[in-house]
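Residues 80 to 835 in my numbering are what the sequence shown spells out, letter by letter.
Report on one structure; see the data block that follows.
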Amino acid sequence: MSSSSSSSDDRSHHGGAKLVPQPRRQPSTIAPPPAPAKESTNKKPHGGQIKNPDSPTPLPKGQRTAERPLRPDGPFYYQAPMQIPNMNVGYPAFIRPSFNVPSESSASSGYYTSTRMPSGYNPFIAYPGDPRMMVSSDSSNTSASVNAITTGLGGMKLKSYQQEANNYIRHVQEQFYNLLQKSYRQEDLPPQFQQTLDRALKDITRDLGHLQGFVDRVATLGDNVKNKDNETETFQATTVEQAVEIQKLRNELDRVNLALSQSDKTNEDVQGTYQEVLVCLKEQNQELQKKLKTCQEQLEGKRQLFYTAPDDVEGKATLLSMVSDNDYRDKARIIQHLIDSAPQDKAKILEILFSSNAQAPVHNRSVSYQPTMVAIQSGSATPGGDLAWGSRRPSRVTPPAPVMRRTPSTFQPGSVMRPQSTMPQSNRFSQPRSRPSTGRPSSSRVDAGAARYRFDDPNPSASAQDFGSPQLSRTRQMVIAQNETELTQKIEIWKEEYSKIFRLVHGWATRYAVQVQHDQALAIQQEAPRLFEFMCDILYPGQPEAGASHANFLLEDQQCRPYFVERMMLQYIVNNILSVEGWMGFNDETDRELRDLNERLQKTEVFKTYIRQCIIDQISMVIGRMLGDPTFDAYRAQRISFHQQRLKTIVGPLMDADASRTDAGFDLHAIASTALQVSALVFQSRLNFEFSWTQTCSKFSLDFHVVKDPPLDPLMLQAKQYRLKLVVTPAIVFRDDRGMSVASKRVLRSEVFVMN
């Protein structure tokens with residue numbers, strides 16, 4: 080007895096189940112509880128579940144201590160009941176197993192289905208009527224250990240994925256308990272077997288505890304796997320989002336690359352346009368630099384000419400300041416004094432006076448430009464000069480322009496100003512001359528805003544240089560004049576040089592082409608059509624029918640015939656010898672230089688005196704090099720022979736039948752030689768000579784014409800507006816652009832025949 084008790088106590092201390100002997104009872108007639116309402120169709124682990132109707136069930140929780148049956152008599156009444164460890168512990172969640180377990184409702188209600196032990200365990204069959212069979216009934220009595228096991232297993236609040244595994248473990252423990260109960264009912268079992276069975280069940284119970292720990296670890300690993308799965312899903316979702324973002328970035332990169340390529344193309348176009356604009360701007364800059372350089376050279380030249388003039392520079396500035404003063408009465412008085420002292424510069428004085436009129440009406444304003452400096456002879460300085468400027472002294476280079484100009488209607492009676500005559504102006508010395516179309520040629524055009532009033536009208540009976548003065552000279556006056564004696568000498572020298580040519584040509588025409596030949600014009604038109612066109616163009620340019628009729632009339636007129644021949648010869652000499660074209664043929668370099676300079680001179684306006692003078696100086700330098708060249712003698716002989724042959728071609732058909740051809744040829748040679756010599760003098764003088772031919776049938780003008788026939792009063796011819804029948808010689812004027820004045824000086828007037 081004592082050994083059995085001690086062994087049972089030891090088992091209880093080691094976790095084994097205490098076996099409490101119970102009284103023998105008959106098997107209960109109560110049927111086992113029904114099977115669970117829902118069974119899973121999933122795979123069953125380790126042999127699945129087997130229904131056993133003989134499996135007893137514990138009492139419900141409320142009835143475990145209500146009725147305690149008497150301990151039955153048995154062979155092992157001395158043994159303590161089996162102690163099964165409490166499994167009511169919490170475990171972490173894990174994945175739901177794939178096999179079916181009894182539902183929680185059936186487990187908590189105290190009814191359990193009869194199960195079959197897994198394979199490998201020997202079945203223990205309980206015979207019916209065994210007094211040690213436990214029957215689940217309200218009157219059943221169980222030990223405290225069994226109640227503890229039932230309460231612990233039934234009251235466990237497990238997670239859904241752990242509850243089924245614990246149900247299986249509890250079911251196995253119940254099977255062991257039933258097996259132990261059945262072993263109690265066996266009366267013929269030896270004690271040693273009972274002890275061995277008790278130890279085996281103890282080991283199995285311990286292994287079940289280990290299995291429970293393994294289940295817990297599996298649940299933990301399942302949770303970790305689930306967390307990893309969640310993290311994987313999150314990572315996959317993040318990866319998808321990042322892939323979408325990467326695709327968007329790629330699309331944006333493609334758009335940026337496309338825009339960049341378009342920008343590169345646009346940049347190339349812009350660069351090309353920029354280069355074109357840059358080249359254009361460079362060209363414009365070069366042109367502007369050339370223009371600026373030309374203007375600077377012109378300004379510097381004018382300034383140098385002004386500084387190097389022999390007259391007093393201070394006197395020039397003082398006089399010009401007085402002319403530019405606002406007091407019109409003083410200006411008019413001073414200008415009148417200047418006109419009295421230097422009538423030949425009257426036009427220039429008027430130009431200075433009316434060059435700027437800021438306060439005049441719009442229709443009376445002139446085209447404004449700074450007047451060029453004129454040569455002056457300063458006398459004693461008058462107080463009026465300083466008083467006119469006040470406290471400010473005048474500029475020594477460019478005088479200020481006058482502020483206003485009054486019209487003649489605002490002057491007092493007796494003023495020296497009066498309206499301009501209705502007669503057309505005979506000449507404008509600041510403009511180039513061309514072939515006139517009227518009896519009083521004027522090659523210049525009057526601007527719309529030019530000054531409309533003059534000091535006094537030109538005298539019809541005087542030449543272009545004769546200017547009258549209504550008043551006598553006054554004391555203490557400022558004089559503007561050039562050295563008239565020197566100027567007169569120059570004019571006489573050039574008049575003599577040109578007269579040499581005119582006398583030679585007139586002598587040849589009156590000696591070899593005097594006799595009238597009937598129908599000679601028709602014969603020339605048939606035999607020499609180019610010569611006949613030349614004759615017609617001389618008389619009526621652009622009118623061949625009128626020119627042919629008038630040429631026939633002149634050739635058959637005994638008086639006009641030699642003069643008409645003289646006109647043709649002089650026309651050729653002026654156009655082909657006394658011009659730049661007469662010096663062509665020396666070599667290619669000089670021909671190119673002379674041609675370019677002549678084109679520039681023809682395109683330059685007459686008021687750009689400095690530029691024209693520079694071109695004339697360059698032409699003079701080129702011809703000077705030709706004159707100093709050792710081959711010039713041969714060139715001179717060749718050019719004289721060339722012009723001689725051309726003159727023969729012109730006058731050959733017009734010669735008399737009995738005239739000596741040899742003598743005529745020698746005389747033409749002398750004419751060509753003299754004309755070439757005068758041409759060299761002209762270009763070496765650096766003066767600007769102009770030749771003008773009045774058109775046939777124009778009105779006679781005393782300023783430009785000298786009548787040959789009939790011997791009538793020139794004033795009467797001009798008053799009655801006689802028409803020109805033949806212009807024999809050209810009108811010659813010259814202008815020195817190196818001086819202060821650009822006024823033209825007349826050398827010779829045209830010799831003309833008038834119609835009766």
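No residue lacks a Cβ here, since even glycine has one placed at the ideal position from N, Cα and C.
As the structure is a prediction and not an experimental result, all values here were calculated from the model.
Neighbourhood of residue i by C-beta, 6 angstroms cutoff - its chain only, sequence neighbours within 5 removed
| i | result |
| --- | --- |
| Ala754 | Ile580, Ile652, Ile656 |
| Met834 | Arg802, Lys804 |
| Ala588 | Pro641, Val644, Glu645 |
| Asn654 | none |
| Thr230 | Since pLDDT at Thr230 reaches only 48, below the 50 mark, its modelled position is unreliable, and no value is offered. |
DSSP beta-bridge partners of residue i
| i | result |
| --- | --- |
| Arg802 | Lys778 |
| Arg814 | Asn767 |
| Leu337 | Looking at the DSSP assignment, Leu337 forms no beta bridge with any residue, so it has no partner. |
| Asp788 | Phe832 |
| Arg825 | Val812 |
8 angstroms Cβ cutoff met for residue i and residue j
| i | j | result |
| --- | --- | --- |
| Asp735 | Tyr591 | yes |
| Ile719 | Ser752 | yes |
| Leu860 | Pro809 | Look at the range of the chain in this structure, 80 to 835, and you will see that residue 860 is not part of it. |
| Ala882 | Ala630 | Because the chain spans 80 through 835 in this model, residue 882 falls outside it and cannot be assessed. |
| Phe613 | Ile603 | no |
| Phe665 | Met700 | no |
| Met647 | Ile729 | yes |
| Pro759 | Ile811 | Pro is not the amino acid found at residue 759; the sequence shown has Ala there. No, Cβ-Cβ distance for Ala759 and Ile811 is not below 8 angstroms. |
| Lys727 | Gly707 | no |
| Leu290 | Leu259 | no |
For residue i, the nearest candidate out of the options (CA to CA)
| i | options | result |
| --- | --- | --- |
| Asn245 | Ser823, Val685, Val294 | Val294 |
| Gln254 | Thr275, Pro269, Leu287 | Leu287 |
| His748 | Arg725, Lys305, Thr669, Ala759 | Arg725 |
| Cys776 | Phe832, Pro809, Asp737, Leu766 | Phe832 |
| Leu634 | Ala743, Leu649, Gly626, Gln596 | Gln596 |
| Leu766 | Ser342, Asp742, Cys693, Lys261 | Cys693 |
| Asn677 | Gln341, Ile811, Phe762, Glu324 | Phe762 |
| Ile572 | Val757, Asp667, Glu684, Gln717 | Val757 |
| Val826 | Val786, Phe768, Arg817 | Phe768 |
| Arg814 | Ala716, Ile570, Glu575 | Ile570 |
| Ala716 | Gly731, Trp662, Ala738, Ser764 | Trp662 |
| Ala738 | Lys682, Val593, Glu379 | Val593 |
Whole-number beta carbon distance between residue j and residue i, since they are thought to touch under 8 angstroms
| i | j | result |
| --- | --- | --- |
| Ser780 | Gln797 | 6 angstroms |
| Ser829 | Val806 | 5 angstroms |
| Arg671 | Leu680 | That belief does not hold up - the Cβ atoms of Arg671 and Leu680 are roughly 15 angstroms apart, past 8 angstroms. |
| Gln377 | Tyr689 | 4 angstroms |
Cβ-based neighbour list, residue i, same chain, cut-off 7 angstroms, excluding 5 preceding and 5 following
| i | result |
| --- | --- |
| Tyr619 | Ala625, Gly626, His629, Thr775 |
| His585 | Glu645 |
| Leu276 | Ser262 |
| Thr669 | Val701, Met705 |
| Gly711 | Sequence check: residue 711 is Phe here, not Gly. Within the same chain, Phe711 has close Cβ partners Met705. |
| Pro793 | Leu781, Val786 |
| Val525 | Bear in mind that the predicted position of Val525 carries a pLDDT of just 36, short of 50, making it unreliable; the figure below should be weighed with that in mind. There are no such residues. |
| Gly621 | none |
| Leu791 | none |
Contacts around residue i, its chain only, beta-carbon distance under 8 angstroms, and the 5 residues preceding and following it disregarded
| i | result |
| --- | --- |
| Lys787 | Tyr642, Val807, Glu830, Val831, Phe832 |
| Asp816 | Thr688, Tyr689, Arg691, Gln692, Ile695, Asn767 |
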